[in-house]
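Under the UniProt record's numbering, residues 1 to 240 are what the sequence shown spells out, in order.
Don't be surprised by glycine CBs; every beta carbon is placed ideally from N, CA and C.
As the structure is a computational prediction, the values presented were derived from the model and not from experiment.
Written below as C-alpha cells is the structure these notes are about.
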Amino acid sequence: MAHETGAKHLLAYSDSQLVVKQVEGTYEAKEEKEGIHILQEIHSGCCGAHVGTRILANKALRAGYFWPTMKQDAIRLVSKCERCQKHSSLMHQPAEPLTTMLSPCPFRQWGIDIVGRFPLAAGQRKFLLVAVDYFTKWVEAEPLARITEGEVMKFIWKNIICRFGIPREIISDNGRQFQGRKIQEWCQGLRIKQRFTTVAHPQANGQVEVTNRILDNPQRSTGETPFSLVYGTEAIILLN
C-alpha cells in the first residue's frame, strides 16, 4: 500500500516484532523446504546445540528468517531428533524453591562451581571449573586435572578479573578449594566478598547449576543472549 501511494518513508509501530520486521523488510521470507534446512542447521549444525522448539524458532527469527509454519516445523524437527529424545533433560520441580540472588549490573556478582569427575581428557583433565555472571548469565569455564586453591585463584584472575574487572561478590560452596586461608586472604585483599553455600545443595547457588544450555540461548527476561549482553552484538554462526 505504501509503495502504491508513493510514500517515501514508513514508520511501523506494533507490539509484534514480527510485524515491524516484515514492514521494514529485515525479515526474509523463506519457502518451507528452505526453512527446514535453516532449522536443521541451527539445531544440529556445527554450531548447533540441540535446543528446544521455542528457542529453535526464536533463533531462526533472530537470524532474520520467517515462514508461516516455522513453529510447527521446529516442533516436528525436535520431536524427530534421535539425540534430543535420548539425551534431553527432563524437567522436574525442585525439592524446594531455588534461592534468588539478584545482581544490579554486569560482572558484579559471579557464581563458581566444580563439575566432574569426567572421563580423562588430554593432560589428565577430568574436572570443569565453571563461573557464571548473575546479570548477563555469561559463562567462563576451564577443564582442569585437579582443582586446588591455587587453580581457583588463577582461574578467577585470568577468566574473570583480567577480562571483566574485579567482582564485588563471588558465590560458591564451602569446599576447601573456595574457603582456604590463601584464597580468603586473596579475596579480602581485592575487596571481593565471598558468600558460601552448602556442598551438594544446588538450590542455594542455582545459577551455576543451569549453565550448560544457556550460553547461546535468549533469556526470557531480556530477550537477549548472554553473548549480546556482554559484547553488544550477536555471535556470528555459519548460517549468517
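Excluding the 5 residues preceding and the 5 following residue i in the sequence, name in chain order all residues of the same chain whose CB lies nearer than 6 Å to its CB.
i: residue 187; result: 194
i: residue 190; result: 166
i: residue 106; result: 135 and 136
i: residue 153; result: 183 and 186
Assuming contact is defined by CB atoms lying nearer than 8 Å, are residue i and residue j in contact in what I supplied?
i: residue 126; j: residue 145; result: yes
i: residue 151; j: residue 182; result: no
i: residue 81; j: residue 43; result: yes
i: residue 242; j: residue 156; result: Nothing in the structure corresponds to residue 242, since the chain is present only between 1 and 240.
Starting from residue i, trace the alpha helix (DSSP H) both ways and give me its first and last residue.
i: residue 186; result: 181-189
i: residue 57; result: 53-62
i: residue 74; result: 70-80
i: residue 150; result: 149-155
Between which two residues does the beta strand (DSSP E) harbouring residue i extend?
i: residue 170; result: 169-173
i: residue 141; result: 139-144
For residue i and residue j, what's the separation of their Cα atoms in angstroms?
i: residue 204; j: residue 50; result: Any reading at residue 204 is ruled out, since the residue's pLDDT is 47, under 50, leaving its predicted position unreliable.
i: residue 84; j: residue 48; result: 12 Å
i: residue 184; j: residue 164; result: 20 Å
i: residue 41; j: residue 115; result: 29 Å
i: residue 86; j: residue 33; result: 26 Å
i: residue 79; j: residue 119; result: 30 Å
i: residue 104; j: residue 169; result: 12 Å
i: residue 179; j: residue 192; result: 13 Å
i: residue 158; j: residue 68; result: 46 Å
i: residue 77; j: residue 138; result: 28 Å
i: residue 216; j: residue 133; result: In this prediction, residue 216 has a pLDDT of 43, which is less than 50 and means its spatial position is unreliable; what the coordinates show is noted afterwards. Roughly 14 Å between the two C-alpha positions.
Taking 7 Å as the limit between beta carbons, can you name the residues of its chain near residue i, skipping five residues before and five after?
i: residue 70; result: 35, 57 and 60
i: residue 74; result: 39, 53, 56 and 57
i: residue 160; result: 110, 131, 140 and 167
i: residue 121; result: 143
Which residues in the same chain as residue i place their Cβ atom closer than 8 Å to its Cβ, once the five residues preceding and following it in sequence are excluded?
i: residue 128; result: 114, 115, 116, 118, 141, 142, 143 and 144
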